[in-house]
Amino acid sequence: GEEEEEEAIADLGLAALLHLSYEEGSCAKLAAEGAVGAVAGVVARRGQAKVPMAMRVLESLSHVAETHAQMVAAGVAPLLVAALVGDPVPGAGAGARAGAGGEEKEKE
169 GEEEEEEAIA
179 DLGLAALLHL
189 SYEEGSCAKL
199 AAEGAVGAVA
209 GVVARRGQAK
219 VPMAMRVLES
229 LSHVAETHAQ
239 MVAAGVAPLL
249 VAALVGDPVP
259 GAGAGARAGA
269 GGEEKEKE
């Protein structure tokens, strides 16, 4: 179904980013194109299951200084800390639920 398709896309996307991040000089480009935020988004939406691959991607991207500030800005730290200590990843599942049920607008 749609859920499995999204899982597969997330897995392939992380694998592709990891592969690209090994190329000399592409880390800065990936960072500039929002790779860090995308990885954080996958972890936030998909939760614990995506953490190992996400960590490998972020570790690889972290070899260039440009990505460090982005990792902080993208809110990667709390996601990774939660994953490391085994807490539920903050916000995990909430995005997926909201996406599945249509965007819920905040009522004033």
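To convert, take the position in the sequence shown, counting from 1, and add 168; that gives the working numbering. C-beta atoms are modelled at their ideal positions from N, C-alpha and C, and glycine is treated no differently.
Span of the alpha helix (DSSP H) around residue i
{"i": "Pro140", "result": "Because residue 140 is not part of the residues shown, which for the chain are 169 to 276, the question remains open."}
{"i": "His187", "result": "170-189"}
{"i": "Glu201", "result": "Unbroken run through Glu201: none, as it is neither H nor E."}
{"i": "Glu220", "result": "Per the sequence shown, residue 220 should be read as Pro rather than Glu. 219-229 is the span of the alpha helix (DSSP H), which, as asked, contains Pro220."}
Under the three-state DSSP convention, the category residue i falls into
{"i": "Gly209", "result": "helix"}
{"i": "Lys273", "result": "The pLDDT assigned to Lys273 is 39, lower than 50, so where the model puts this residue is not dependable; a value taken from the coordinates is nonetheless given after this. Lys273 falls in the coil class under three-state DSSP."}
{"i": "Glu192", "result": "coil"}
{"i": "Glu234", "result": "helix"}
{"i": "Val257", "result": "coil"}
Length of the line joining the Cα atoms of residue i and residue j
{"i": "Glu173", "j": "Ala237", "result": "32 Å"}
{"i": "Gly181", "j": "Leu252", "result": "22 Å"}
{"i": "Gly193", "j": "Met221", "result": "21 Å"}
Selected residue, minimal CA-CA separation from residue i, among the options
{"i": "His231", "options": "Ala199, Val249, Ala184, Ala250", "result": "Ala199"}
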